[in-house]
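So the structure is just underneath, and the comments pick up after that.
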Amino acid sequence: MKFWLVRLASLLLAVGFAFGLESVVGHQFPSIYRLVVLAGLYITLSVSLNLINGITGQFSIGHAAFYMVGAYSAGFVSKALFSHQPLVPQLWMIVMALFGACCAALTGLVVGLPSLRLRGDYLAIVTLGFGEILRIVTQNIGAIGGAYGMNVKPFGSPPQALWLVWLLAILCVAVCRNLLKTAHGLPFLSVREDEVASAAMGVKVPKTKVTAFVVGSAFAGAAGALLAHAETFISPDTFKMDVSFIILTMVVLGGTGSITGSVISAIALFAIPEWLRNLQDPVTKDPIQIPGPALVASIISVVIAVALFKAVQNRFHGSKPAKFGLYLAAIAAGFVCKLAFTPILAQAPGLAAKSFEASALRMVIFAATLIILMLIRPQGIFAHHEFSWSWVAKLFRRAPKEATA
Amino acid sequence: MNLVAGLDFSILPQQLVNGLLLGSIYALIALGYTMVYGVLRLINFAHGEVFMLGSYAALFTSWLLGFSPEAVRGVDRPSTWVNLVVMLLVSMIVCGLIGVLIEFLAYRPMRNQPRIASLITAIGVSLFIQYAGGLFLPQSPPPAISEQVNPYRNEKVSIVLKPAGQEIVAQAADATKKAAIAEKAYDDAQKAGAPADKVEQLRNDAQIASNDASRLQTQVSSQTSGLVIPYGQLGMLITTMVLMAVLWFVVQKTKTGRAMRAVAHDFDSAALMGVNVGRIITITFMIGSALAGAGAMMYATVLRTPLSPFLGVQPGVKAFVAAVLGGIGNIPGAVLGGILMGIVETLVVWLDGLVPGLSGYKDAVAFVVLIAVLLFRPGGLLGSSKVEKV
Chain A
49 MKFWLVRLAS LLLAVGFAFG LESVVGHQFP SIYRLVVLAG LYITLSVSLN LINGITGQFS
109 IGHAAFYMVG AYSAGFVSKA LFSHQPLVPQ LWMIVMALFG ACCAALTGLV VGLPSLRLRG
169 DYLAIVTLGF GEILRIVTQN IGAIGGAYGM NVKPFGSPPQ ALWLVWLLAI LCVAVCRNLL
229 KTAHGLPFLS VREDEVASAA MGVKVPKTKV TAFVVGSAFA GAAGALLAHA ETFISPDTFK
289 MDVSFIILTM VVLGGTGSIT GSVISAIALF AIPEWLRNLQ DPVTKDPIQI PGPALVASII
349 SVVIAVALFK AVQNRFHGSK PAKFGLYLAA IAAGFVCKLA FTPILAQAPG LAAKSFEASA
409 LRMVIFAATL IILMLIRPQG IFAHHEFSWS WVAKLFRRAP KEATA
Chain B
5 MNLVAGLDFS ILPQQLVNGL LLGSIYALIA LGYTMVYGVL RLINFAHGEV FMLGSYAALF
65 TSWLLGFSPE AVRGVDRPST WVNLVVMLLV SMIVCGLIGV LIEFLAYRPM RNQPRIASLI
125 TAIGVSLFIQ YAGGLFLPQS PPPAISEQVN PYRNEKVSIV LKPAGQEIVA QAADATKKAA
185 IAEKAYDDAQ KAGAPADKVE QLRNDAQIAS NDASRLQTQV SSQTSGLVIP YGQLGMLITT
245 MVLMAVLWFV VQKTKTGRAM RAVAHDFDSA ALMGVNVGRI ITITFMIGSA LAGAGAMMYA
305 TVLRTPLSPF LGVQPGVKAF VAAVLGGIGN IPGAVLGGIL MGIVETLVVW LDGLVPGLSG
365 YKDAVAFVVL IAVLLFRPGG LLGSSKVEKV
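Protein sequences appear in the order of chains A and B.
Under the numbering used here, think of the first position of the first sequence as 49, with each following residue one higher.
Under the numbering used here, think of the first position of the second sequence as 5, with each following residue one higher.
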């Protein structure tokens, strides 16, 4: 009984959250509506890739392909059929999300089958290859717009898709979380740890691997279907290899296998470039200009600061506060370097005249963040840990008494 | 034209040679991927970017040598082969240093970390170089190395495999002669100050005769099947072969090479046997990147590709596929894979005659071949698929 009550409560909470977000963002912050939609889609993508990569340990780096299959199949059918059927747009989008998920799941099955024969880097390159093949094929089919892309406007105006996107994200998180918490998830984890040993223990390794691919790609496909309807325009360029890499980065940066990590790094990695894109001077509203010498000085000092940070991390074995102090010192050294180098570099004739818009720097900063985070925390932000409320409970519990010697 | 099922077989040998030339560039890049993978088990995604920086190094060297766009505009600057060698060496050295720098800053700290973390770092480095390059490198309009750098740009080797019919050759020669006579008559009339309608008449005649001649000549060349290889591309092929021979010598015959093979075979045991693993990894990165630099210089100079900070992406991916195709970590495999890749790519364009629209799938075919090969030989063509030990 309690089990079903908890299920029901969570379901209500999720639906309430999705519609609440829809109305808050839709009415209060319409300017970021699109970004919140995309953030939700990225959460779905990164959590679903985490199922394949992090939880089952199958090194797939072509996730954008499933995203694309979902988007194109749903977009194409929606364009052709929406006007001939009785459903309202909101329900139709749910149907289309399911349809996109099915198409992507089929693709996932096809891509998952080689995973039975290949492992590691070979599997990675095959998934990447499948992604590229699908993208190039799409580019060459005139009926779905070819390289020019396809307009998907079955409803006339762009639909309110935010609630559905976030509901999908919550569903994806819930499926993965429940998989990890229940016995159904154990085969997946054991395949990740050791295929041979888990086969010896009676785990059906091929079935587990293919299931992971099918479920992961189905979620990506559903996300793609919603993207096609929310954006009203899709083109093969939307699903380039870079997108697969970014999704993979979200998974690894958050901590391979950690759902919380995937969610948080998906939001962060999506938000950083967007924030930089719109960065402007608070007073004049002009785009911020960064002078050339300051930029080069920052790059050099970041390298120095990270090197010092890394040195402290590896070489220093003192007490925690002392280590923390040295970390701060490394960061401070970076700032000092920046201040010292800027006037020196300003002497360089070609550089001093140059300046860069902050929005042009966004991918550079994105890449630098990626490298630095990987260098100082290779296991990912959350490592294998998950978010839980236990630390809140700990705050209220009395500290256990020291055992008297 | 002798078309069979829509295919022009007379250009097939030329296409194969072109494929071989393109493939030799892919092979040079693939060697870098495969060597790094061999010692570190790391897919060096930044390798394509090293290639891109190498092409820019060649561009800047050509500017320093006096072939900047301003210097060559409207003038015909003489050049010698020394310029080409200097550009090649500078490109190789710059790339070698960049490779070592990337290894030192980004990969060395990740040595004992999970491999996926190093992979993400590699992707990060690749993105960083692309976009930072976009800030600092000249890119619009896309700069290209001046063709005047290449002193042999007009010379080529022609090999006739099957000459055209004698009749048409004779006709063409006749028409060419007639065109010359008509041209001369027109010139004479103009100089002599003949009446305007007469000059006009002669001009038309000359025009018709020269059209006739060029039409016949086109027919002759379409009926002749043979190979035309510009000196530049021949030099490219020879340079590639020399570099590969040097690499083979270094890997097989020197102490460093033996150490390299030992590290590739078993990282930990090599370290225990007293191999300075760190030094070997640095050398591997240096050699691999220098080879990419050589490939980049030839790609930019001989094939005269317009440069951009994203230049390295496509050749990088293709070369990576080539390395996997040959069996990643396997040096002869990379060469074989690269050449296969180049030939397949040109053949697909050629097969466009049979299946219209096929050339649009040029970039996809590389992956199709790869997947097909990997499904039957999971370790690549020359690689051995290891059985996992428990």
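Glycine residues also receive a C-beta, built at the ideal position from the N, C-alpha and C atoms.
Report the residue from the options whose alpha carbon sits nearest the alpha carbon of residue i.
{"i": "Pro134(A)", "options": "Phe203(A), Val291(A) and Gln106(A)", "result": "Phe203(A)"}
{"i": "Arg325(A)", "options": "Phe414(A), Ser238(A), Pro397(A) and Phe261(A)", "result": "Phe414(A)"}
{"i": "Ser1(B)", "options": "Gly230(B), Ser144(B), Ile106(B) and Ser150(B)", "result": "Chain B is shown from 5 up to 394; residue 1(B) falls before or after that span and cannot be answered."}
{"i": "Ser121(A)", "options": "Met144(A), Ala416(A) and Ser108(A)", "result": "Met144(A)"}
{"i": "Ile294(A)", "options": "Val350(A), Ala152(A), Phe318(A) and Asp285(A)", "result": "Phe318(A)"}
{"i": "Gly302(A)", "options": "Met422(A), Lys402(A) and Leu89(A)", "result": "Met422(A)"}
{"i": "Leu25(B)", "options": "Met56(B), Val173(B), Gly342(B) and Asp192(B)", "result": "Gly342(B)"}
{"i": "Ile173(A)", "options": "Met289(A), Ala377(A) and Gly373(A)", "result": "Met289(A)"}
{"i": "Ala62(B)", "options": "Leu93(B), Leu35(B), Asn334(B) and His51(B)", "result": "Leu93(B)"}
{"i": "Pro310(B)", "options": "Pro146(B), Gln256(B), Tyr365(B) and Met240(B)", "result": "Pro146(B)"}
{"i": "Tyr170(A)", "options": "Ile47(B), Lys188(B), Ile133(B) and Arg265(B)", "result": "Ile47(B)"}
{"i": "Arg81(B)", "options": "Leu340(B), Ala31(B), Pro113(B) and Tyr156(B)", "result": "Tyr156(B)"}
{"i": "Ala400(A)", "options": "Leu343(A), Ser306(A) and Ser108(A)", "result": "Leu343(A)"}
{"i": "Gln152(B)", "options": "Ala198(B), Gly236(B) and Ile102(B)", "result": "Gly236(B)"}
{"i": "Gly269(A)", "options": "Ser79(A), Leu227(A), Ala112(A) and Ser436(A)", "result": "Ala112(A)"}
{"i": "Gly194(A)", "options": "Asp201(B), Gly361(B) and Pro113(B)", "result": "Gly361(B)"}
{"i": "Val104(B)", "options": "Tyr41(B), Ile285(B), Ile172(B) and Ala268(B)", "result": "Ile285(B)"}
{"i": "Ile189(A)", "options": "Pro284(A), Ala245(A) and Gly102(A)", "result": "Pro284(A)"}
{"i": "Thr155(A)", "options": "Ser310(A), Ala260(A) and Asn199(A)", "result": "Ala260(A)"}
{"i": "Pro142(B)", "options": "Tyr60(B), Asp12(B) and Met277(B)", "result": "Tyr60(B)"}
For residue i, which three-state DSSP category applies?
{"i": "Pro339(A)", "result": "strand"}
{"i": "Val79(B)", "result": "coil"}
{"i": "Val306(B)", "result": "coil"}
{"i": "Asn154(B)", "result": "coil"}
{"i": "Ala135(A)", "result": "Per the sequence shown, residue 135(A) should be read as Leu rather than Ala. Three-state result, Leu135(A): coil."}
{"i": "Gln19(B)", "result": "helix"}
{"i": "Ala198(B)", "result": "coil"}
{"i": "Ser28(B)", "result": "helix"}
{"i": "Ile149(B)", "result": "coil"}
{"i": "Lys393(B)", "result": "Unreliable placement is indicated for Lys393(B), whose pLDDT of 42 sits below 50; the coordinate value is still reported in the next sentence. Three-state DSSP puts Lys393(B) in coil, outside helix and strand."}
{"i": "Lys358(A)", "result": "helix"}
{"i": "Ala453(A)", "result": "The predicted model places Ala453(A) with a pLDDT of 47, which falls under 50 and marks its position as unreliable; any figure quoted below should be read in that light. Coil at Ala453(A), not helix or strand."}
{"i": "Trp437(A)", "result": "coil"}
Could you check where the beta strand (DSSP E) with residue i kicks off and where it finishes?
{"i": "Gly238(B)", "result": "A quick correction: the sequence has Leu, not Gly, at residue 238(B). Unbroken run through Leu238(B) is the alpha helix (DSSP H), Tyr235 to Lys257; no beta strand (DSSP E)."}
{"i": "Val161(B)", "result": "Lys160 to Lys166"}
Mind checking who residue i pairs with in its DSSP beta bridge?
{"i": "Glu405(A)", "result": "Gln337(A)"}
{"i": "Phe281(A)", "result": "Asn199(A)"}
{"i": "Leu327(A)", "result": "Answer is none; Leu327(A) lacks a bridge partner."}
{"i": "Gly160(A)", "result": "None, per the DSSP bridge assignment."}
{"i": "Gly230(B)", "result": "Val164(B)"}
In chain C, which residues lie with their C-beta within 8 Å of the C-beta of residue i?
{"i": "Glu241(A)", "result": "Protein chains A and B are contained in the structure displayed, whereas chain C is not."}
Can you tell me where the alpha helix (DSSP H) with residue i in it begins and where it stops?
{"i": "Val90(B)", "result": "Trp85 to Ile106"}
{"i": "Gln187(A)", "result": "Asp169 to Asn188"}
{"i": "Trp52(A)", "result": "Lys50 to Gln76"}
{"i": "Gly384(B)", "result": "First-last for Gly384(B): undefined, no H or E at that position."}
{"i": "His432(A)", "result": "Neither: His432(A) is in no alpha helix (DSSP H) and is coded neither H nor E."}
{"i": "Arg240(A)", "result": "Leu234 to Glu241"}
{"i": "Pro113(B)", "result": "Pro113(B) -> no alpha helix (DSSP H), and no H or E assigned at all."}
{"i": "Ile419(A)", "result": "Arg410 to Ile424"}
{"i": "Asn98(A)", "result": "Tyr81 to Asn98"}
{"i": "Ile295(A)", "result": "Met289 to Gly302"}
{"i": "Gln318(B)", "result": "Val317 to Gly330"}
{"i": "Asp272(B)", "result": "Phe271 to Leu276"}
Could you work out which residues of chain B lie near residue i, taking near to mean beta carbons separated by less than 7 Å?
{"i": "Ala416(A)", "result": "Phe132"}
Note down, in chain order, every chain B residue with its Cβ under 8 Å from the Cβ of residue i.
{"i": "Phe404(A)", "result": "Leu139"}
{"i": "Val291(A)", "result": "Within chain B, no residue comes near Val291(A); the closest Cβ sits about 12 Å away, beyond 8 Å."}
So which residues on chain A does residue i lean against when the C-beta distance must stay under 9 Å?
{"i": "Asp356(B)", "result": "Within chain A, no residue comes near Asp356(B); the closest Cβ sits about 12 Å away, beyond 9 Å."}
{"i": "Met114(B)", "result": "Met422, Leu423 and Pro426"}
Tell me whether residue i counts as near the ligand GDP, meaning its Cβ is closer than 7 Å to at least one heavy atom of that ligand.
{"i": "Val84(A)", "result": "The ligand GDP is absent from the structure shown, which contains no ligands of any kind."}
Residues of chain A with a CB under 8 Å from the CB of residue i: which are they?
{"i": "Ile285(B)", "result": "Result: empty, since nearest Cβ-Cβ is about 17 Å, beyond 8 Å."}
{"i": "Val129(B)", "result": "Ala415 and Ile419"}
What residues of chain A sit near residue i, judged by a beta carbon separation below 7 Å?
{"i": "Gln175(B)", "result": "The premise fails here: Gln175(B) is roughly 42 Å from chain A at the closest Cβ pair, so nothing lies under 7 Å."}
Taking Cβ-Cβ distances shorter than 9 Å, what residues in chain B pair up with residue i?
{"i": "Val165(A)", "result": "For clarity, residue 165(A) is Arg in the given sequence; the question names Val instead. What Arg165(A) touches in chain B: Leu378, Leu379 and Pro382."}
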